[in-house]
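Novice:
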Amino acid sequence: MRRARPALDSGTVVARVWRDGPPWFSCAEVLAKLRSSADSAAVRDQVGNWHPLVKQSWLILRDTAAGTVTEPGWCEAKLAGGAASAAHWAPFAGDPFPTGEARRGWTVPVGRPKLTIAGPAHATGRDSARAEFLVSIVPNEDGRALEADRDTTRFTAALVKRDGGWQVTQVEGPATPPVPD
Numbered sequence: 021m022r023r024a025r026p027a028l029d030s031g032t033v034v035a036r037v038w039r040d041g042p043p044w045f046s047c048a049e050v051l052a053k054l055r056s057s058a059d060s061a062a063v064r065d066q067v068g069n070w071h072p073l074v075k076q077s078w079l080i081l082r083d084t085a086a087g088t089v090t091e092p093g094w095c096e097a098k099l100a101g102g103a104a105s106a107a108h109w110a111p112f113a114g115d116p117f118p119t120g121e122a123r124r125g126w127t128v129p130v131g132r133p134k135l136t137i138a139g140p141a142h143a144t145g146r147d148s149a150r151a152e153f154l155v156s157i158v159p160n161e162d163g164r165a166l167e168a169d170r171d172t173t174r175f176t177a178a179l180v181k182r183d184g185g186w187q188v189t190q191v192e193g194p195a196t197p198p199v200p201d
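Here this note's numbering is used: position 32 in the sequence shown is 52, and no number is missing along the way.
Here it is as structure tokens:
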């Protein structure tokens with residue numbers, strides 16, 4: 021696996037932390053939805069990493085709408101004093117909100133990938149085999165705060181024997197394994 025994808029367990033894995041929550045969701049709605057299974061695509065999949073950062077006092081959430089609401093607001097995350105290492109988070113702009121403003125966030129280095137072979141390869145033919153492997157994250161301080169070490173993904177590699185060695189010909193899994201920067 022390392023020869024087939026040399027960068028698979030080296031380099032740095034990054035995560036995206038949105039500064040702006042989903043359009044027109046108040047902070048109370050976001051927090052309520054993070055505690056339930058409702059609207060996972062609208063909330064948990066976009067700002068699910070806010071929860072551990074708020075618990076650890078790295079982020080403070082506030083609503084953008086104040087006073088008489090003429091334009092619906094949304095929940096916004098601000099860095100708190102406990103986020104000392106967040107000084108190296110790189111800002112980025114995402115797709116625009118329905119209001120036309122660009123959605124903002126940070127790109128955060130969370131650690132490095134770790135490749136683990138899940139067990140012995142299983143022959144599928146005379147010169148072919150399949151092997152399962154796991155990709156997890158060895159977190160840095162930011163990764164621990166984001167609970168990135170809880171993410172492990174299982175993949176299956178198809179191998180073919182060539183020139184006396186085994187070569188990976190295909191990888192199957194929930195998504196293509198991450199390729200670090």
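For every residue, glycine included, the Cβ atom is placed at its ideal position computed from N, Cα and C. For clarity, every value in this text was computed on a predicted model and none was experimentally measured.
May I ask you to report which of helix, strand or coil DSSP gives residue 199?
Specialist: Summary for residue 199: the model assigns pLDDT 44, below 50, so the residue's position carries little reliability; its value from the coordinates is reported in the next sentence. Of the three classes helix, strand and coil, the one that applies to residue 199 here is coil, per DSSP.
Novice: Which residues bound the beta strand (DSSP E) around residue 125?
Specialist: Here the beta strand (DSSP E) through residue 125 covers 122-137.
Novice: Kindly give me the distance between the Cβ atoms of residue 130 and residue 33, rounded to whole angstroms, as I take these residues to be in contact under 8 angstroms.
Specialist: That pair is a contact at about 5 angstroms.
Novice: Use the C-beta contact count for residue 174: other C-beta atoms within 10 angstroms, 16 or more gives buried, fewer gives exposed.
Specialist: By the neighbour-count rule (16 or more Cβ atoms within 10 Å), residue 174 is not buried but exposed.
Novice: Using three-state DSSP, classify residue 66 as helix, strand or coil.
Specialist: If DSSP states are grouped into helix, strand and coil, residue 66 belongs with the helices.
Novice: Give me the residue from 113, 115, 79, 111 with the minimum Cα distance to residue 98.
Specialist: Of 113, 115, 79, 111, the residue nearest in Cα terms is 79.
Novice: Check each candidate in 141, 133, 77, 122 and name the one with the smallest Cα separation from residue 40.
Specialist: Residue 40 has its Cα closest to that of 122, out of 141, 133, 77, 122.
Novice: Going by DSSP, what residue range makes up the beta strand (DSSP E) through residue 83?
Specialist: Where residue 83 is concerned, the enclosing beta strand (DSSP E) stretches over 79-83.
Novice: Span of the beta strand (DSSP E) holding residue 114?
Specialist: From DSSP, the beta strand (DSSP E) with residue 114 extends over 110-116.
Novice: Among 85, 96, 187, 115, which residue has its Cα nearest to the Cα of residue 67?
Specialist: Closest option to residue 67, Cα to Cα, is 96.
Novice: Quick one: what does DSSP say residue 145 is sitting in, helix, strand or coil?
Specialist: Strand at residue 145.
Novice: Quick check: the Cα distance between residue 37 and residue 152, rounded to an integer number of angstroms?
Specialist: Whole-angstrom Cα-Cα distance: 30 angstroms.
Novice: Buried or exposed: where does residue 163 fall if 16 or more other Cβ atoms within 10 Å of its Cβ makes it buried?
Specialist: Flag for residue 163 reads buried.
Novice: For residue 127, which option in 54, 107, 155, 184 has the closest C-alpha, if you only look at C-alpha atoms?
Specialist: The shortest Cα separation from residue 127 among 54, 107, 155, 184 belongs to 107.
Novice: DSSP has residue 47 in a bridge; who is on the other side?
Specialist: DSSP lists no partner for residue 47.
Novice: Out of 69, 193, 176, 147, which has the shortest C-alpha to C-alpha gap to residue 185?
Specialist: Considering only alpha carbons, the answer is 147.
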